[in-house]
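Participant: Counting in UniProt numbering, the sequence shown runs from 1 upward without gaps.
We treat Cβ as the ideally placed atom computed from N, Cα and C, and that holds for glycine.
No experiment lies behind these values; they were computed from the predicted model shown.
Before we start, here is the structure in question, set down as structure tokens.
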Amino acid sequence: MYVNNEIGTIQPIAEIAKIISNFRNSKLQTPSSKQIRNSNDQNSKNWNLGFGTWNFETAYPLFHVDAAQAFAYLDCGVNELMVDLMTLSAHKMGGPKGIG
Numbered sequence: 001m002y003v004n005n006e007i008g009t010i011q012p013i014a015e016i017a018k019i020i021s022n023f024r025n026s027k028l029q030t031p032s033s034k035q036i037r038n039s040n041d042q043n044s045k046n047w048n049l050g051f052g053t054w055n056f057e058t059a060y061p062l063f064h065v066d067a068a069q070a071f072a073y074l075d076c077g078v079n080e081l082m083v084d085l086m087t088l089s090a091h092k093m094g095g096p097k098g099i100g
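Take a look at the structure:
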């Protein structure tokens, strides 16, 4: 949760993302015996998800942020915050209620 809507706490998302990025970089230097593989190609570590190719060996852990409360008040750019996944709420930005 980027921002707590009850007490107003703002989490240091960019700093947390840097820690995760450093961990991922250390995984690049340390071979792992456990690998997630594409069931269609046992020699592949890359999956094409339709919106880009993902290397599961180096991508974990994925960083998800619930930014529904933060969108109107703080910068929620996924590139600036270095997050992998972000949840927003349409009705918080003028969209119809009930669509996410």
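Using only the alpha-carbon positions, how far apart do Ile10 and Met1 sit?
Facilitator: Working through the sequence shown from its first residue, we reach residue 10 at position 10. Working through the sequence shown from its first residue, we reach residue 1 at position 1. Each residue's alpha carbon lies about 8 Å from the other.
Participant: Just tell me which of Ala72, Val83 and Lys27 has its CA closest to the CA of Gly95.
Facilitator: Counting from one through the sequence shown, the residue named residue 95 turns up at place 95. Minimum Cα distance to Gly95 is reached at Ala72.
Participant: Look up Val65 in the DSSP assignment and say whether it is helix, strand or coil.
Facilitator: Locating residue 65 in the sequence shown gives position 65, where the first residue counts as 1. Here Val65 sits in strand by DSSP.
Participant: Smallest Cα separation from Asn5: which of Leu85, Phe63 and Ala70?
Facilitator: Position 5 of the sequence shown, counting from 1, holds the residue named residue 5. The residue with the shortest Cα to Cα distance from Asn5 is Ala70.
Participant: Output yes or no for whether 8 Å exceeds the beta carbon distance between Cys76 and Ala67.
Facilitator: The count along the sequence shown starts at 1 and reaches residue 76 at position 76. The count along the sequence shown starts at 1 and reaches residue 67 at position 67. Yes; because the gap between Cβ atoms is below 8 Å, this pair is in contact.
Participant: Measure the Cβ-Cβ separation of Met93 and Ala14 and say whether it is below 8 Å.
Facilitator: By 1-based counting over the sequence shown, the position of residue 93 is 93. By 1-based counting over the sequence shown, the position of residue 14 is 14. Taking 8 Å as the Cβ cut-off, Met93 and Ala14 do not qualify as a contacting pair.
Participant: Taking 7 Å as the limit between beta carbons, can you name the residues of its chain near Ala17, skipping five residues before and five after?
Facilitator: Residue 17 sits at position 17 when you count from the first residue of the sequence shown. Around Ala17: Phe63, Leu81, Met82 and Val83.
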